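Notes to accompany the following structure.
Numbering (the numbering used here), first residue to last: 84 to 284.
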């Protein structure tokens, strides 16, 4: 058990080094879909289903479907369109993130078109407004430099199998101070953020 724990913590440190963040910001999951759901569905506990979620109309289903559920639960959801090249206008994102916005959730690299959204620019602008930002970076990591030391997102999701890691594993990045509410309860693993025995592989 101690040996397995050491391997998990070594993996956590390696992922953290790749992304430019402290190991304590890494929470292992069963993949990016779980991580996306944990962040979005956590809004029900964090904000009581109140406020606004800003996202785009080109998100992965693991973001768009939880957004639909949040909307049915009473949360306002703004889905921004992209232009003919599949890109979001950073100005439109900032404008949409009004006072009632509790989270902006965007895909970094589109899983169907390969389009890279201007996440760095958007995150910097939203940080200046005091808004929390989540990015699904599943298709970006390993193909595009992702350095969270200079990109001020609060949450980031990724999956191992997109860069030749084991299927069924991934992680959620949550910076210090970014609220987290367990999606899977029932154990002390991952500092009580994700119950269940860790996938050591």
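Virtual Cβ for every residue (Gly too), placed ideally from N, Cα, C. Owing to the predicted nature of the structure, the values given are computational and were not obtained by experimental measurement.
| Beta carbon of residue 281, beta carbon of residue 272: below 8 Å? | The beta carbons of residue 281 and residue 272 sit closer together than 8 Å.
- Query: Straight-line CA distance for residue 230 to residue 157?
  - Reply: Cα-Cα distance, rounded: 35 Å.
Where do the ends of the alpha helix (DSSP H) carrying residue 208 lie? First-last of the alpha helix (DSSP H) with residue 208: 202 to 211.
**Report entry** 8 Å contact criterion, which residue 224 and residue 241 should meet: CB distance rounded
**Finding:** Indeed they touch by this definition, with Cβ atoms about 5 Å apart.
Residue 94 lies in the alpha helix (DSSP H); which residues open and close that run? Residue range 85 to 102 is occupied by the alpha helix (DSSP H) that includes residue 94.
Exercise. Got a sec, what are the start and stop residues for the beta strand (DSSP E) residue 185 sits in?
Worked result: Per DSSP, residue 185 is one residue of the beta strand (DSSP E) stretching across 184 to 190.
For residue 257, three-class secondary structure by DSSP:
Three-state result, residue 257: strand.
**Item:** Integer-rounded CB distance, given that residue 219 should sit under 8 Å from residue 143
**Value:** Residue 143 to residue 219, Cβ: 6 Å. Contact.
With a threshold of 6 Å on Cβ separation, who are the neighbours of residue 234 within its own chain once the five nearest residues in sequence on each side are excluded? Excluding residues up to 5 positions away in sequence, 203, 206 lie with their Cβ nearer than 6 Å to the Cβ of residue 234 in the same chain.
Write down the C-beta distance between residue 208 and residue 173 rounded to the nearest angstrom, noting that I regard them as a contact closer than 8 Å.
-> Rounded to the nearest angstrom, the Cβ distance from residue 208 to residue 173 is 6 Å, consistent with a contact under 8 Å.
Name the DSSP beta bridge partners of residue 224, please? The beta-bridge partner set that DSSP reports for residue 224 consists of 227.
| Going by DSSP, what residues sit across from residue 219 in a beta bridge? | The partner list for residue 219 (beta bridge, DSSP) reads 190, 240.
- Of all the options 165, 175, 255, 212, which has the alpha carbon lying nearest to the alpha carbon of residue 185? Checked all of 165, 175, 255, 212; the closest Cα to residue 185 is 212.
- Where does residue 234 fall in DSSP's three states? DSSP places residue 234 in the coil class of the three-state scheme, outside both helix and strand.
Leaving aside the five residues before and after residue 103 along the sequence, list all residues of the same chain whose C-beta is less than 6 Å from its C-beta, in chain order. Counting only Cβ-Cβ distances below 6 Å, and skipping sequence neighbours, we find 230, 231, 232.
- Applying the criterion that 16 or more other CB atoms from any shown protein chain within 10 Å of the CB defines a buried residue, is residue 226 buried or exposed? By the Cβ neighbour-count rule, residue 226 is exposed, with fewer than 16 other Cβ atoms within 10 Å of its own.
Could you tell me which residues DSSP puts in a beta bridge with residue 136? Secondary-structure assignment with DSSP links residue 136 through a beta bridge to 160, 186.
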